[in-house]
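> I am attaching a structure below and will ask some questions about it afterwards.
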Amino acid sequence: AQTVTQSQPEMSVQEAETVTLSCTYDTSESDYYLFWYKQPPSRQMILVIRQEAYKQQNATENRFSVNFQKAAKSFSLKISDSQLGDAAMYFCAYRTPANFGNEKLTFGTGTRLTIIP
Amino acid sequence: DGGITQSPKYLFRKEGQNVTLSCEQNLNHDAMYWYRQDPGQGLRLIYYSQIVNDFQKGDIAEGYSVSREKKESFPLTVTSAQKNPTAFYLCASSIQGRNEKLFFGSGTQLSVL
Chain X
1 AQTVTQSQPE MSVQEAETVT LSCTYDTSES DYYLFWYKQP PSRQMILVIR QEAYKQQNAT
61 ENRFSVNFQK AAKSFSLKIS DSQLGDAAMY FCAYRTPANF GNEKLTFGTG TRLTIIP
Chain P
118 DGGITQSPKY LFRKEGQNVT LSCEQNLNHD AMYWYRQDPG QGLRLIYYSQ IVNDFQKGDI
178 AEGYSVSREK KESFPLTVTS AQKNPTAFYL CASSIQGRNE KLFFGSGTQL SVL
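In order, the protein sequences belong to chains X and P.
Using our numbering, read the first sequence as starting at 1 and increasing by one per residue.
Using our numbering, read the second sequence as starting at 118 and increasing by one per residue.
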């Protein structure tokens with residue numbers, strides 16, 4: 001079974017600085033998808049960024065970027081120019097290819113990010 | 118606006134009682150999911166459905182039941198067999214596709230009286 005591990009239960013960063021959240025996963029598949037979701041205090045799950053395993057180029061979305069190391073099964077999230085609104089729980093997630101009957105998202109336990117003004 | 122609606126926002130269950138959490142989507146998505154969130158444990162998959170009248174168990178299906186009679190609706194029943202039902206429940210949906218993201222509802226907090 002696939003597992004997703006987030007080894008940092010809590011992180012903090014000074015406003016305007018850069019922070020990196022770690023995620024590792026275990027799978028025997030070669031084709032899969034990885035996601036970072038943000039959960040603010042409202043508890044609404046918001047997609048931050050996604051990466052397709054067959055793409056070597058790291059995904060970026062404005063201030064958010066990933067460092068995808070397929071051989072190491074590592075998928076870290078870098079947040080640049082941190083803002084107060086970035087304070088949230090961040091979940092790393094793994095998804096198998098969308099084969100019928102095999103489509104589900106597996107989540108890590110999350111990292112709580114605090115932004116220090 | 119299109120989206121996923123979960124109701125109620127807060128729900129209380131008495132001992133031995135079954136309760137049903139509602140999840141409705143108007144996004145025309147084929148796939149729908151139920152996740153349970155406990156503090157420090159992330160999200161765990163309870164049930165999912167990729168087509169009307171069909172659904173599969175997730176990792177923690179015991180004590181729960183679902184139905185998918187309509188494409189837009191995927192209600193979750195927490196039965197009396199679920200001994201520790203206190204948790205935050207999230208419903209999600211997605212288009213069938215290789216890398217389609219999940220859209221989430223705003224969740225239901227279930228507590229035991």
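Glycine included, C-beta positions come from ideal geometry on N, C-alpha and C.
Quick check: X/Ser-49 and X/Asp-86, are their CB atoms within less than 7 Å of each other?
In the first sequence, counting from the first residue as 1, residue 49 of chain X sits at position 49. In the first sequence, counting from the first residue as 1, residue 86 of chain X sits at position 86. Correcting the residue identity first, residue 49 of chain X is Ile in this sequence and not Ser. No, the pair does not count as a contact, with Cβ atoms beyond the cut-off.
> Indicate whether at least one CB of chain P lies closer than 7 Å to the CB of X/Asn-107.
What you label residue 107 of chain X is simply residue 107 of the first sequence in a count that begins at 1. This sequence places Phe at residue 107 of chain X; Asn is not what is there. Chain P contact via Cβ: present.
> Using beta-carbon positions only, say whether P/Val-183 and P/Thr-203 come within less than 7 Å of one another.
By 1-based counting over the second sequence, the position of residue 183 of chain P is 66. By 1-based counting over the second sequence, the position of residue 203 of chain P is 86. No, the pair does not count as a contact, with Cβ atoms beyond the cut-off.
> By DSSP's criteria, X/Lys-78 is part of a beta bridge. Which residues make up the other side?
In the first sequence, residue 78 of chain X corresponds to position 78, counting from 1. DSSP, once it has assigned bridges, lists X/Thr-20, X/Ser-65 as partnering X/Lys-78.
> Could you give the C-beta distance for P/Tyr-206 and P/Thr-194, rounded to a whole number, given that I count them as a contact under 8 Å?
In the second sequence, residue 206 of chain P corresponds to position 89, counting from 1. In the second sequence, residue 194 of chain P corresponds to position 77, counting from 1. The pair is not a contact, with the Cβ atoms about 11 Å apart (cut-off 8 Å).
> Could you name the residues of the region 122–145 of chain P whose beta carbon sits closer than 9 Å to any beta carbon of chain X, in the order they occur along the chain?
Answer in chain order: no residues at all.
> How would you write the range of the beta strand (DSSP E) that P/Leu-227 sits in, first residue to last?
As a working note, residue 227 of chain P is residue 110 in the second sequence. That run of the beta strand (DSSP E) goes 225–229.
> Below 8 Å, how does it come out for the region 135–149 of chain P and the region 77–86 of chain X: are there three or more Cβ pairs, yes or no?
Not touching, per the Cβ criterion.
> Closest by CA to X/Phe-91, which one among X/Glu-61, X/Lys-55, X/Ser-12, X/Met-45?
Position 91 of the first sequence holds residue 91 of chain X. Among X/Glu-61, X/Lys-55, X/Ser-12, X/Met-45, the Cα nearest to that of X/Phe-91 belongs to X/Met-45.
> Note the first and the last residue of the continuous beta strand (DSSP E) segment covering X/Ser-12.
As a first step, residue 12 of chain X must be located in the first sequence, where it is residue number 12. Taken as a continuous stretch (DSSP letters only), the beta strand (DSSP E) holding X/Ser-12 covers 10–14.
> Is the region 17–30 of chain X touching the region 70–78 of chain X in the sense that three or more CB pairs, one from each, lie closer than 8 Å?
At 8 Å Cβ cutoff, the stretches touch.
> Less than 8 Å between the CB atoms is what I'm expecting for P/Gln-142 and P/Ile-121, so what's the real figure, rounded?
On the second sequence, position 25 is the one that residue 142 of chain P refers to. On the second sequence, position 4 is the one that residue 121 of chain P refers to. Yes, they are in contact, since the Cβ atoms of P/Gln-142 and P/Ile-121 sit about 5 Å apart, within 8 Å.
> Output the distance between the C-alpha atoms of P/Pro-156 and P/Lys-200, rounded to the nearest integer angstrom.
Here the question's residue 156 of chain P lines up with position 39 in the second sequence. Here the question's residue 200 of chain P lines up with position 83 in the second sequence. So the two alpha carbons sit approximately 17 Å from each other.
> Could you work out which residues of chain P lie near X/Lys-73, taking near to mean beta carbons separated by less than 8 Å?
To locate residue 73 of chain X, count along the first sequence from 1; it is residue 73. Neighbours of X/Lys-73 on chain P: none; closest Cβ ~18 Å, over 8 Å.
> Where do the N-terminal and C-terminal ends of the beta strand (DSSP E) with X/Leu-47 fall, by residue?
Taking the first residue of the first sequence as position 1, residue 47 of chain X is located at position 47. Its beta strand (DSSP E) spans residues 46–52.
> Going along chain X in order, which residues have a C-beta closer than 8 Å to the C-beta of P/Ser-210?
As a first step, residue 210 of chain P must be located in the second sequence, where it is residue number 93. Ordered by position in chain X, no residue passes the 8 Å Cβ test against P/Ser-210, which lies about 12 Å from the chain.
> Suppose the cutoff is 6 Å on Cβ atoms and the five residues either side in sequence are ignored; what does the same chain contact list for X/Phe-35 look like?
On the first sequence, position 35 is the one that residue 35 of chain X refers to. Excluding positions up to five away in sequence, the list reads Arg-50, Ala-93.
> Could you tell me which residues DSSP pairs with P/Leu-144 in its beta bridges?
Within the second sequence, numbered from 1, the residue matching residue 144 of chain P stands at position 27. BP columns for P/Leu-144 are empty, so no partner.
> Would you mind working out which of P/Asp-176, P/Thr-196, P/Cys-140 sits nearest X/Leu-105, comparing C-alpha positions?
In the first sequence, the residue the question calls residue 105 of chain X occupies position 105. Per the Cα distances, P/Asp-176.
> Mapping the DSSP letters down to three states, classify X/Asp-86 as helix, strand or coil.
Taking the first sequence and counting its residues from 1, the one referred to as residue 86 of chain X is at position 86. Residue state, collapsed to three classes: helix.
> Can you tell me which residues form a DSSP beta bridge with P/Gln-199?
Stepping through the second sequence from its first residue, residue 199 of chain P is reached at position 82. None; P/Gln-199 has no bridge partner.
> Rounding to the nearest angstrom, what Cα-Cα distance links P/Val-169 and X/Ala-16 in this structure?
Position 52 of the second sequence, counted from the first residue, corresponds to residue 169 of chain P. Position 16 of the first sequence, counted from the first residue, corresponds to residue 16 of chain X. Straight-line Cα distance between these residues: approximately 47 Å.
> Going along chain X, which residues have a C-beta under 8 Å from P/Gln-158?
Walking along the second sequence from the start, residue 158 of chain P turns up at place 41. Correct list: Thr-109.
> Report yes if the C-beta distance between P/Leu-128 and X/Phe-107 is below 7 Å; otherwise report no.
Position 11 of the second sequence, counted from the first residue, corresponds to residue 128 of chain P. Position 107 of the first sequence, counted from the first residue, corresponds to residue 107 of chain X. For P/Leu-128 and X/Phe-107, no; Cβs fall outside 7 Å.
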